[in-house]
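Chemist: All residue numbers for the sequence shown refer to full-length UniProt numbering, where the first residue is 1 and numbers rise by one.
Glycine is no exception: its CB is placed at the ideal position from the N, C-alpha and C atoms.
This is the structure, below, for whatever I ask next.
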Amino acid sequence: MGVPTLAFVGCTGGAGTTRLTVETAATLARGGRSVAVVDAAFGTQGLATYVEGRLDADVTAVAVGDVPVDDALFEWDIDADGRVALCPAHAPFERLARAKTAESAQTLERVIEEVAGRYDHVLLDVPPIASNQGVAAATTAQRRALVVPASRRGGDLLPRQQGRLRDIGAPASAVVATRVHGDDSEPVEDAAHTVPHIGAGASRPLATDPDSDVAPTVAAMAEDLLDVDLGLTFEDDGLFSR
Numbered sequence: 001m002g003v004p005t006l007a008f009v010g011c012t013g014g015a016g017t018t019r020l021t022v023e024t025a026a027t028l029a030r031g032g033r034s035v036a037v038v039d040a041a042f043g044t045q046g047l048a049t050y051v052e053g054r055l056d057a058d059v060t061a062v063a064v065g066d067v068p069v070d071d072a073l074f075e076w077d078i079d080a081d082g083r084v085a086l087c088p089a090h091a092p093f094e095r096l097a098r099a100k101t102a103e104s105a106q107t108l109e110r111v112i113e114e115v116a117g118r119y120d121h122v123l124l125d126v127p128p129i130a131s132n133q134g135v136a137a138a139t140t141a142q143r144r145a146l147v148v149p150a151s152r153r154g155g156d157l158l159p160r161q162q163g164r165l166r167d168i169g170a171p172a173s174a175v176v177a178t179r180v181h182g183d184d185s186e187p188v189e190d191a192a193h194t195v196p197h198i199g200a201g202a203s204r205p206l207a208t209d210p211d212s213d214v215a216p217t218v219a220a221m222a223e224d225l226l227d228v229d230l231g232l233t234f235e236d237d238g239l240f241s242r
């Protein structure tokens with residue numbers, strides 16, 4: 001079934017890490033896989049914007065021991081043969097602070113391992129490594145992909161995050177460049193994969209549309225990073241496999 005856990009680690013804020021994570025989840029679901037996405041970016045809480053309706057529980061409540069993880073998993077209604085469950089962060093400051101402790105980070109590690117036993121893949125949305133929960137997510141994942149915007153700032157910050165991952169004993173498995181062909185994009189020499197710029201008004205998810213330029217690039221990346229063959233079909237390339 002391939003690699004069970006993959007952490008997408010942002011090199012900087014605004015790298016598009018959350019969007020890449022959910023697009024990868026949608027791609028895997030299109031290939032018939034079950035996927036859970038866990039938000040370790042407690043500060044930005046971007047994954048919560050993909051959940052419709054009221055969020056009575058979230059990953060921080062799980063981390064501090066207030067609720068079981070099942071209460072914080074929300075099915076994402078997308079057009080795919082598989083399924084995606086989202087475990088977002090959406091918390092008041094008081095709980096946010098408690099969720100960032102070392103004890104809560106250890107709980108998060110156990111939760112990730114628990115969820116990995118129930119889904120084909122678990123994808124982790126991880127901020128730049130500077131917090132207990134970020135370290136917990138990165139070290140628990142079997143593989144890590146550093147997400148860097150294709151810009152001068154992204155290229156400047158990449159070595160720092162590569163070093164931090166090495167420092168915690170969890171080196172990056174690959175570098176993924178996002179926002180390629182955007183207004184200020186610059187090539188990222190270390191990037192094993194590149195993902196086109198996704199506009200703010202693009203449909204969510206975009207990867208379920210086989211005619212989009214994002215779909216085949218994310219599929220290629222997912223197959224490589226997770227050691228899977230999704231057998232997805234794209235108009236230009238016919239049957240896609242890698």
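1. Start and end of the beta strand (DSSP E) containing Phe74?
2. Given a threshold of 16 other Cβ atoms within 10 Å of its Cβ, counted over all protein chains shown, does Ile168 qualify as buried or as exposed?
3. Answer yes if the segment 122 to 139 comes into contact with the segment 2 to 14, meaning at least three C-beta pairs across the two stretches below 8 Å, and no otherwise.
4. Where does Ala15 fall in DSSP's three states?
5. Judging by CA-CA distance, which residue of Ala207, Glu23, Val35, Asp211 is the nearest neighbour of Ala116?
6. In angstroms with no decimal places, state the Cα-to-Cα distance between Arg242 and Ala15.
7. Extract the residue ranges of the beta strand (DSSP E) inside the segment 151 to 202, only unbroken runs of 3 or more that lie entirely within it.
8. Return helix, strand or coil for Thr101, following the three-state DSSP convention.
9. In angstroms, rounded to a whole number, what distance separates the CA positions of Ala97 and Trp76?
10. Would the segment 25 to 34 and the segment 194 to 211 be scored as touching if the rule is three or more Cβ pairs under 8 Å?
11. Candidates Gly231, Val176, Ser131, Leu55: which alpha carbon is nearest Gly154's?
12. Determine, using beta-carbon pairs with one atom in the segment 62 to 81 and one in the segment 98 to 113, whether at least three such pairs fall under 8 Å.
13. Could you compute how far the alpha carbon of Ala72 sits from the alpha carbon of Thr107?
14. Give the DSSP-derived three-state secondary structure of Leu230 in the structure shown.
15. Rounding to the nearest angstrom, what Cα-Cα distance links Arg160 and Val69 in this structure?
16. Measure the alpha-carbon distance for Thr233 versus Glu94 and round it to whole angstroms.
17. Just the Cα atoms here: how many angstroms apart are Ser131 and Ala99?
18. Would you list the one or two residues that DSSP bridges to Thr5?
19. If you measure between the beta carbons of Val37 and Leu86, is that distance less than 8 Å?
20. Using DSSP with H/G/I as helix, E/B as strand and the rest coil, what is Gly46?
21. I'd like the list of long-range same chain contacts for Pro88, defined as Cβ closer than 6 Å, with 5 residues on each side in sequence excluded.
22. Who does Pro149 pair with in a DSSP beta bridge?
23. Sort Leu225, Leu165, Thr194, Ala91 by Cα distance to Leu55 and report the nearest one.
24. What distance in whole Å lies between the Cβ atoms of Ala138 and Ile129, which are believed to be in contact at a cut-off of 8 Å?
25. Grouping DSSP H, G and I as helix and E and B as strand, with all else coil, what is Ala85?
Modeler: Inspection of the coordinates gives the following:
1. 74 to 76 is the span of the beta strand (DSSP E), which, as asked, contains Phe74.
2. So Ile168 counts as exposed.
3. Flag = yes, the segment 2 to 14 and the segment 122 to 139 touch.
4. Three-state DSSP puts Ala15 in coil, outside helix and strand.
5. The residue among Ala207, Glu23, Val35, Asp211 with its C-alpha nearest the C-alpha of Ala116 is Val35.
6. Only weak support is given to the placement of Arg242: the predicted model assigns it a pLDDT of 35, under 50, and the value that follows is read from those uncertain coordinates. A direct Cα-Cα distance of roughly 26 Å separates Arg242 from Ala15.
7. The segment 151 to 202 contains these whole beta strand (DSSP E) runs: 174 to 180, 193 to 196.
8. DSSP places Thr101 outside both helix and strand once states are collapsed to three, so it counts as coil.
9. Taken atom to atom, the span from the alpha-carbon of Ala97 to that of Trp76 is near 27 Å.
10. Because the criterion of three Cβ pairs below 8 Å is met, the segment 25 to 34 and the segment 194 to 211 touch.
11. Per the Cα distances, Val176.
12. Between the segment 62 to 81 and the segment 98 to 113 there are three or more C-beta pairs closer than 8 Å, enough to call the two in contact.
13. Across the structure, Ala72 and Thr107 are spaced so that their CA atoms are roughly 14 Å apart.
14. Of the three classes helix, strand and coil, the one that applies to Leu230 here is coil, per DSSP.
15. Whole-angstrom Cα-Cα distance: 33 Å.
16. In a straight line, the C-alpha of Thr233 is about 47 Å away from that of Glu94.
17. If you draw a straight line from the Cα of Ser131 to the Cα of Ala99, it comes to about 11 Å.
18. Thr5 is bridged to Val122.
19. Contact: yes.
20. In the structure shown, Gly46 falls within a helical segment according to DSSP collapsed to helix, strand and coil.
21. Excluding positions up to five away in sequence, the list reads Asp39, Leu47, Ala48, Val51, Asp58.
22. DSSP lists Thr178 as partners of Pro149.
23. Among Leu225, Leu165, Thr194, Ala91, the Cα nearest to that of Leu55 belongs to Ala91.
24. Cβ atoms of Ile129 and Ala138 come within 8 Å of each other, at about 6 Å.
25. Note: Ala85 maps to strand in three-state DSSP.
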